[in-house]
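Structure first, commentary second.
Residue numbers (the numbering used here): 937 to 1246.
So this is what it looks like as structure tokens:
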């Protein structure tokens, strides 16, 4: 739970105006100077802080947490950076252990270790899906050591597979997952030059404007996706770099008792995350293999072949 004092903004404006009116009344010009305006705002803020001492402006917000002992992962019901920063500090102060966000780059490294491909993750460079394009990491990946651009490439890879009719993928545990990119799609220019594009549709990747955005060099940063594995279906929104899950729609719980329903829900969450990890690992095997350049050439041809789509 996070507690914060949040006085109403309109009350701050009212108090500031009251201070300004009092100051202006004493000035020959009938107006307040810039310095006096700043002082009026500070006086208004001081008044609000005094009022806040009794808790009248206190706002409390709770966030769901699940510490999964099986995977040793802490699941958090928000992607807010400020909340996650607070959680990281509190966790270390309470348990004496540090935690870090399991972003796409970090997860790729974790999954690659058993296959002996850790070095391949370290050496990975941002793929240019447009031939002749710049090879620098997207501007939203600010750390040179980060490999979170793999999340963006993951979504392009899924898009290509779906468009070519390969919407079922064999996973490392022998199971299969069927997927469909659906409902929403957000793309952004990796250079920060041509802006963003947000599309809402039952099948956003099928729309010509989505393909044109991809052909112009924009990369997907978030998409809606439906996953089906072991006859369990999940609808969710997936953020590329963090692989963060938002608004997941889970199968209906069948248990009748509260405790049993809770345990069933935890099992469904584990199954969803396992499915996500296995799907991302399937991409990792392709992306980190020596044959990736062949797959990259195929994706480039796919993009070029859609130039004339209406």
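Note that CB positions come from ideal geometry on N, CA and C, so glycine has one too.
- Taking a C-beta distance under 8 Å as the contact criterion, residue 1041 and residue 1010 do not qualify as a contact pair.
- Pairing residue 984 with residue 968 gives a Cβ-Cβ distance that is not under 8 Å.
- One alpha carbon belongs to residue 1052, the other to residue 1058, and they sit about 12 Å apart.
- Sequence-distant Cβ neighbours of residue 966 in its own chain, meaning closer than 7 Å and more than five residues away, are 960.
- Fewer than three pairs of CB atoms, one per stretch, sit closer than 8 Å, so the segment 981-995 makes no contact with the segment 1003-1018.
- Minimum Cα-Cα distance from residue 1118 among the listed residues 1102, 1130 and 1137 corresponds to 1137.
- In this structure, the beta-carbon distance from residue 1123 to residue 1142 does not fall below 8 Å.
- Leaving aside the five residues that flank residue 1054 on each side, the residues in its chain whose CB is nearer than 7 Å to its CB run, in chain order, 1045 and 1048.
- Per the C-alpha coordinates, the member of 1206, 1017 and 1091 positioned closest to residue 1174 is 1091.
- Around the beta carbon of residue 980, 16 or more other beta carbons lie within 10 angstroms, which makes this residue buried.
- By the neighbour-count criterion, in which 16 or more other beta carbons inside 10 Å mark a residue as buried, residue 1062 falls on the buried side.
- Cβ atoms of residue 937 and residue 998 come within 8 Å of each other, at about 5 Å.
- The alpha-carbon separation between residue 1101 and residue 944 amounts to approximately 53 Å.
- When the five nearest sequence neighbours on each side are left out, the beta carbons in the same chain lying within less than 6 Å of the beta carbon of residue 1181 are those of 1172, in order along the chain.
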